[in-house]
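Heads up: the sequence shown is residues 0 to 317, going by numbering that gives the first Met the number 0.
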Amino acid sequence: MLLAIHVGVASCLLGAEGNDPFVKIEPPALIGRWDLTVKDGEQVYPSWLEISLSGYRTLVGRYVGQFGSARPIAQIQFDAKAGAFAFSLPPQWEKRTSDILFEGRLQDEGLVGMTTNDAGQPVSWTAVRAPALGDQPEGKVRWGKRIRLFNGKDLTNWGVRHPDLPNGWVVQDGHLINERPGNDLVSIQSFGDFKLNVEFVYPAGSNSGLYLRGRHEIQIEDNYGMSPDSHLIGGVYGFLTPHLNAARKAGEWQEMELTLIGQQLTLKFNGVEIISKQNIPGITGGALDSREGQPGPLMIQGDHGPIRFRKVDLTPAR
């Protein structure tokens, strides 16, 4: 029964020593970051989980679902003998009013478990430990030749995320335009480490994003003059907050330059460095998959609002 281990289980480790906040215990093997794959009927989608120790005996964490951003887990119930854990979360962008129930257990080198979908029905998931991608100094990376992912003429180099849905992306007057929002644009090529230079403009109130390797969203939104936030323009959605908001007003061309090496991101917005060599903890909501150790495509979010690009240049590492 889902979340059965909540009953009669201490908030962390069992045993008398687990009740003493000043007695240090051996950290459970499930501590760390995990890349999840959730199977809901015919649908398969990625997710992400981080479990950490607060003090000596309390497990806490962060969770990223199919949509939205990383949300905090205030407490994780844990049965040390069974290697099983459970927690619940209120909905964020899910179309439900009840809490999301989540349980899992250690299995070999990974995790397996159950959660609940929007209908409240149980669905299964599996997880592998997220890789620790080595971050080498940029000066030691050998860069290849620049690729004009957008050639200014047509959609060569691109496909769509959902082939069964209309493609609202068109090329007009040398610009790549999301004319009818509804489908994400995905590069045919995949990349590991790379540099990216894009120039774009959006109307008032619009919203888009760039998914690095198809997994980590850099938010693009009409947030001129607002205080920096990880959910607003220039942020890695729900994870990394820019040093400042360097966005111009809607209707003005903006430029973004970034370097992604392993998990480490440096981002310039309109010539101002707003994220400096910060590690991206995990995938963001809406990611293509959770295979963080593998190269992935560049994805432009197209299901929110209109946007147009006049430059999308990428330089891959050799």
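The beta-carbon is built from N, C-alpha and C at its ideal position, and this holds for glycine as well.
Since this is a predicted model, take the numbers as computed values, not measurements.
Buried/exposed call for residue i, threshold 16 Cβ in 10 Å
| i | result |
| --- | --- |
| residue 152 | exposed |
| residue 220 | buried |
| residue 92 | exposed |
| residue 15 | Below a pLDDT of 50, predicted positions are generally treated as unreliable, and residue 15, at 39, falls in that range; the measurement from the model is reported next regardless. Counting Cβ neighbours within 10 Å, residue 15 comes out exposed, since fewer than 16 surround it. |
| residue 171 | exposed |
| residue 11 | Reliability fails at residue 11, whose pLDDT of 45 lies under 50, so the model's placement of it is uncertain and the value that follows must be treated cautiously. The residue is buried, with at least 16 neighbouring Cβ atoms inside 10 Å. |
| residue 115 | buried |
| residue 183 | buried |
| residue 297 | buried |
| residue 194 | buried |
| residue 96 | exposed |
| residue 124 | buried |
| residue 301 | buried |
| residue 192 | buried |
| residue 45 | buried |
| residue 30 | exposed |
| residue 226 | exposed |
| residue 138 | exposed |
| residue 317 | exposed |
| residue 68 | buried |
| residue 329 | Absent from the model: residue 329. The displayed extent of the chain is 0 to 317, so no value can be given. |
| residue 216 | buried |
| residue 289 | buried |
| residue 333 | Outside the modelled stretch of the chain, which goes from 0 to 317, sits residue 333, for which no answer is possible. |
| residue 37 | buried |
Whether residue i touches residue j by CB criterion (9 Å)
| i | j | result |
| --- | --- | --- |
| residue 273 | residue 241 | yes |
| residue 247 | residue 128 | no |
| residue 287 | residue 160 | yes |
| residue 105 | residue 82 | yes |
| residue 234 | residue 254 | no |
| residue 27 | residue 143 | no |
| residue 299 | residue 208 | yes |
| residue 59 | residue 52 | yes |
| residue 249 | residue 202 | yes |
| residue 146 | residue 211 | no |
| residue 285 | residue 77 | no |
| residue 177 | residue 168 | yes |
| residue 304 | residue 165 | no |
| residue 42 | residue 57 | no |
| residue 132 | residue 237 | no |
| residue 243 | residue 256 | no |
| residue 218 | residue 229 | yes |
| residue 268 | residue 232 | yes |
Residues that residue i bridges to, as DSSP identifies them
| i | result |
| --- | --- |
| residue 45 | 36 |
| residue 203 | Looking at the DSSP assignment, residue 203 forms no beta bridge with any residue, so it has no partner. |
| residue 103 | 84, 112 |
| residue 383 | Missing from the structure shown is residue 383; the chain here goes from 0 to 317 and no further. |
| residue 176 | 169, 307 |
| residue 147 | 312 |
| residue 238 | Beta-bridge pairing links residue 238 to no other residue. |
| residue 218 | 208 |
| residue 299 | 184, 209 |
| residue 51 | 59 |
| residue 142 | 316 |
| residue 31 | 50 |
Span of the beta strand (DSSP E), counted from its first residue to its last, around residue i
| i | result |
| --- | --- |
| residue 267 | 263-268 |
| residue 207 | 206-211 |
| residue 168 | 168-171 |
| residue 68 | It is not in any beta strand (DSSP E) - residue 68 carries neither H nor E in the DSSP assignment. |
| residue 115 | 109-115 |
| residue 62 | 57-63 |
| residue 256 | 253-260 |
| residue 121 | 121-128 |
| residue 157 | 157-159 |
| residue 222 | No beta strand (DSSP E) holds residue 222; DSSP gives it neither H nor E. |
| residue 289 | Where residue 289 is concerned, there is no enclosing beta strand (DSSP E), given that its DSSP letter is neither H nor E. |
| residue 271 | 271-278 |
| residue 77 | 76-78 |
CB-CB length for residue i against residue j, believed under 8 Å
| i | j | result |
| --- | --- | --- |
| residue 148 | residue 186 | 6 Å |
| residue 264 | residue 239 | 7 Å |
| residue 199 | residue 308 | 5 Å |
| residue 99 | residue 88 | 5 Å |
| residue 196 | residue 276 | Actually they are not in contact, since the Cβ atoms of residue 196 and residue 276 sit about 18 Å apart, beyond 8 Å. |
heavy atom of the ligand ATP below 8 Å from residue i C-beta
| i | result |
| --- | --- |
| residue 227 | Absence of the ligand ATP from the depicted structure is noted, as is the absence of any ligand whatsoever, leaving it without description. |
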